[in-house]
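Asks:
Number of protein chains: 2
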Amino acid sequence: MRITYKGDYALKAILDLAIHYHDKPAPVSIQHMAGRLDIPIKFLEQVLLELKKGGFVESRRGKVGGYLLSRPPSEISLGHVVRFIASPVEPIACVEDGYKGCRDIYKCVFREVWQRVSEATMRIVDGVTFSDLLENLNRKDKEQMVYQI
Amino acid sequence: MRITYKGDYALKAILDLAIHYHDKPAPVSIQHMAGRLDIPIKFLEQVLLELKKGGFVESRRGKVGGYLLSRPPSEISLGHVVRFIASPVEPIACVEDGYKGCRDIYKCVFREVWQRVSEATMRIVDGVTFSDLLENLNRKDKEQMVYQI
DNA sequence: GTATACTCTACTATTATAATCAGGATTATA
DNA sequence: TATAATCCTGATTATAATAGTAGAGTATAC
Chain U
1 MRITYKGDYA LKAILDLAIH YHDKPAPVSI QHMAGRLDIP IKFLEQVLLE
51 LKKGGFVESR RGKVGGYLLS RPPSEISLGH VVRFIASPVE PIACVEDGYK
101 GCRDIYKCVF REVWQRVSEA TMRIVDGVTF SDLLENLNRK DKEQMVYQI
Chain C
150 MRITYKGDYA LKAILDLAIH YHDKPAPVSI QHMAGRLDIP IKFLEQVLLE
200 LKKGGFVESR RGKVGGYLLS RPPSEISLGH VVRFIASPVE PIACVEDGYK
250 GCRDIYKCVF REVWQRVSEA TMRIVDGVTF SDLLENLNRK DKEQMVYQI
């Protein structure tokens with residue numbers, strides 16, 4: 001698994017929407033989000049469109065428009081998003097679905113290891129939701145305040 | 150972490166040398182290895198040269214020359230090789246050494262997760278040596294024989 | 001009806017990957 | 001000492017992925 005810039009942007013975008021999830025529908029505009037996250041606007045546009053296709057976010061057009069999370073942060077895990085944005089999730093082609101290469105014996109002994117790596121990875125990201133991340137964020141904010149006093 | 154073809158070839162090459170490690174120095178020629186592993190000869194040449202620079206293999210020139218493992222298979226772990234061939238080993242840039250990007254708060258909450266992923270991955274590959282792989286290979290060979298009877 | 005914000009398609013630059021090619025240097029062995 | 005098999009070096013190529021840009025179009029609120 002390798003998280004590209006695009007994937008990283010997608011995760012940060014969802015976290016940003018999670019932060020703004022609390023009260024009544026107040027969509028976050030691409031411009032504002034791009035400013036906060038330091039992402040090129042036109043690139044973030046594409047990212048959000050894909051996330052919409054993936055069912056992670058919704059959009060409102062026109063004035064006062066923008067993007068919203070389509071589910072509460074507690075129901076979105078890192079795993080969900082990673083599977084969507086970081087394909088392939090596997091560390092090597094031979095562990096992916098439908099792989100037909102590798103005619104010989106050698107494939108097998110490595111394959112088992114890559115599968116274990118893949119499973120360990122997914123176990124971690126599946127165990128983290130965006131509300132977990134929000135909590136960590138708040139904790140960090142408080143710690144930082146202590147230092148600032 | 151993502152294992153490329155080149156990396157995959159490197160691992161298979163070392164396993165091939167591990168298989169031929171037993172008796173007195175009988176170097177394995179690139180041609181023979183390339184045939185067994187189904188790898189383009191000139192590409193395998195490059196791979197073996199890099200592995201030599203990495204200290205994993207040695208070479209003998211001239212007639213009856215070829216490549217040899219420079220240490221016994223039990224002293225070479227998958228982790229050693231993966232660190233050498235699969236850079237970056239980390240799942241995302243921000244976990245790599247010397248990273249200076251990501252000015253804002255968001256980096257941190259994801260970073261922890263990527264670090265856990267990275268550690269879990271390395272724990273697995275560090276725990277597997279090429280003599281472990283040889284054992285698995287022999288086990289598989291025996292299983293296959295049973296089916297062939 | 002106009003400003004604002006999302007939607008969609010296409011394009012470009014850069015880099016990595018996976019080879020391939022051509023030739024030179026080295027050395028064990030007959 | 002010739003020679004054959006091998007290692008070694010550097011350049012070149014084709015393809016794909018990645019990161020980002022550009023611009024026209026569509027919906028909505030005021």
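If you read the sequences in order, they're chains U and C.
With this note's numbering, letter number 88 in the first sequence gets 88, and the count goes up by one each step, no holes.
With this note's numbering, letter number 24 in the second sequence gets 173, and the count goes up by one each step, no holes.
For every residue, glycine included, the Cβ atom is placed at its ideal position computed from N, Cα and C.
(1) Measure the beta-carbon distance from LEU218 (chain C) to VAL230 (chain C) and round it to whole angstroms, keeping in mind my assumption that it falls under 8 Å.
(2) Pick out the complete beta strand (DSSP E) segments inside the region 150 to 197 of chain C, 3 residues or longer, and give them in chain order.
(3) Name, going along the chain, the residues of the region 110 to 121 of chain U whose beta-carbon falls closer than 9 Å to a beta-carbon of chain C.
(4) So the alpha helix (DSSP H) VAL231 (chain C) belongs to, where does it begin and stop?
(5) Contact criterion: CB-CB distance below 7 Å. Does ARG139 (chain U) meet it with respect to chain C?
(6) Bridge partners for GLY203 (chain C) per DSSP, in chain order?
(7) Using a C-beta cutoff of 7 Å, does PRO240 (chain C) count as contacting chain U?
(8) Whole angstroms are fine: how far does the CA of ASN287 (chain C) sit from the CA of SER223 (chain C)?
(9) Check SER208 (chain C) in the structure and name its three-state DSSP category.
(10) Should VAL230 (chain C) be flagged as near chain U, meaning a C-beta pair shorter than 7 Å?
(11) How many angstroms separate the CA atom of ALA175 (chain C) from the CA atom of GLU90 (chain U)?
(12) Under a CB-based cut-off of 7 Å, is MET145 (chain U) close to chain C?
(13) For the putative contact between SER208 (chain C) and TYR216 (chain C), defined by C-beta atoms under 8 Å, what is the C-beta separation to the nearest angstrom?
(14) Measuring alpha carbon to alpha carbon, tell me which residue in C:ARG151, C:LEU200 and C:ARG220 is nearest TYR170 (chain C).
(15) At the 7 Å Cβ level, is ILE150 (chain U) part of the contact set with chain C, yes or no?
(16) For chain C, check one thing: does any of its Cβ atoms lie closer than 7 Å to the Cβ of LEU133 (chain U)?
(17) Three or more beta-carbon pairs under 8 Å between the region 108 to 118 of chain U and the region 197 to 204 of chain C, yes or no?
(18) Leaving aside the five residues before and after PRO237 (chain C) along the sequence, list all residues of the same chain whose C-beta is less than 7 Å from its C-beta, in chain order.
(19) Kindly identify the DSSP beta-bridge partner or partners of GLY66 (chain U).
(20) Hey, how far is the Cα of PRO40 (chain U) from the Cα of ILE30 (chain U)?
(21) Any residues in the region 1 to 13 of chain U with a beta carbon nearer than 9 Å to a beta carbon of chain C? Which ones, in chain order?
(22) Which residues does DSSP pair with THR129 (chain U) in a beta bridge?
(23) CA-CA distance, GLY35 (chain U) and LYS63 (chain U)?
(24) Smallest Cα separation from PHE192 (chain C): which of C:LEU282, C:ALA159 and C:LEU164?
(25) What is the rounded straight-line gap between the Cα of ASP281 (chain C) and the Cα of VAL113 (chain U)?
Replies: Considering the structure as presented:
(1) Their Cβ separation, rounded to whole angstroms, is 12 Å, which puts LEU218 (chain C) and VAL230 (chain C) out of contact at 8 Å.
(2) Listed in chain order, nothing qualifies, since the region 150 to 197 of chain C has no complete beta strand (DSSP E) run of 3 or more residues.
(3) Against chain C - using a Cβ distance shorter than 9 Å - the residues of the region 110 to 121 of chain U are PHE110, GLU112, VAL113, TRP114, ARG116, VAL117, ALA120 and THR121.
(4) First-last of the alpha helix (DSSP H) with VAL231 (chain C): 227 to 234.
(5) Not closer than 7 Å to any Cβ of chain C, the Cβ of ARG139 (chain U) fails to qualify, so no.
(6) Its beta-bridge partners do not exist; DSSP assigns none.
(7) It does; some Cβ of chain U falls within 7 Å.
(8) Their backbone Cα atoms lie some 15 Å apart in a straight line.
(9) Reduced to three states, the DSSP call for SER208 (chain C) is strand.
(10) With its beta carbon at least 7 Å from every one in chain U, VAL230 (chain C) lies outside the interface.
(11) The alpha-carbon atoms of ALA175 (chain C) and GLU90 (chain U) are separated by roughly 37 Å.
(12) Chain C contact via Cβ: absent.
(13) Confirmed, Cβ separation roughly 5 Å.
(14) Of the listed residues, the one whose Cα sits closest to TYR170 (chain C) is C:ARG220.
(15) In the structure as shown, chain U begins at 1 and stops at 149. Residue 150 (chain U) is therefore absent and cannot be evaluated.
(16) Closer than 7 Å to the CB of LEU133 (chain U) there is at least one CB belonging to chain C.
(17) Touching, no, given that fewer than three Cβ pairs across the two stretches are closer than 8 Å.
(18) Cβ neighbours of PRO237 (chain C) beyond the five flanking positions: GLU245.
(19) Paired residue(s): U:ARG60.
(20) In this structure, the alpha-carbon of PRO40 (chain U) lies about 10 Å from that of ILE30 (chain U).
(21) Only MET1, ARG2, ILE3, THR4, TYR5, GLY7, ASP8, LEU11 and LYS12 from the region 1 to 13 of chain U bring a Cβ to less than 9 Å from some Cβ of chain C.
(22) Residue pairing for THR129 (chain U): DSSP places it in a beta bridge opposite U:SER77.
(23) When rounded, the distance between both Cα atoms is 18 Å.
(24) Closest in C-alpha terms to PHE192 (chain C), from the list C:LEU282, C:ALA159 and C:LEU164, comes C:ALA159.
(25) A straight line joining the alpha-carbon of ASP281 (chain C) with that of VAL113 (chain U) spans about 11 Å.
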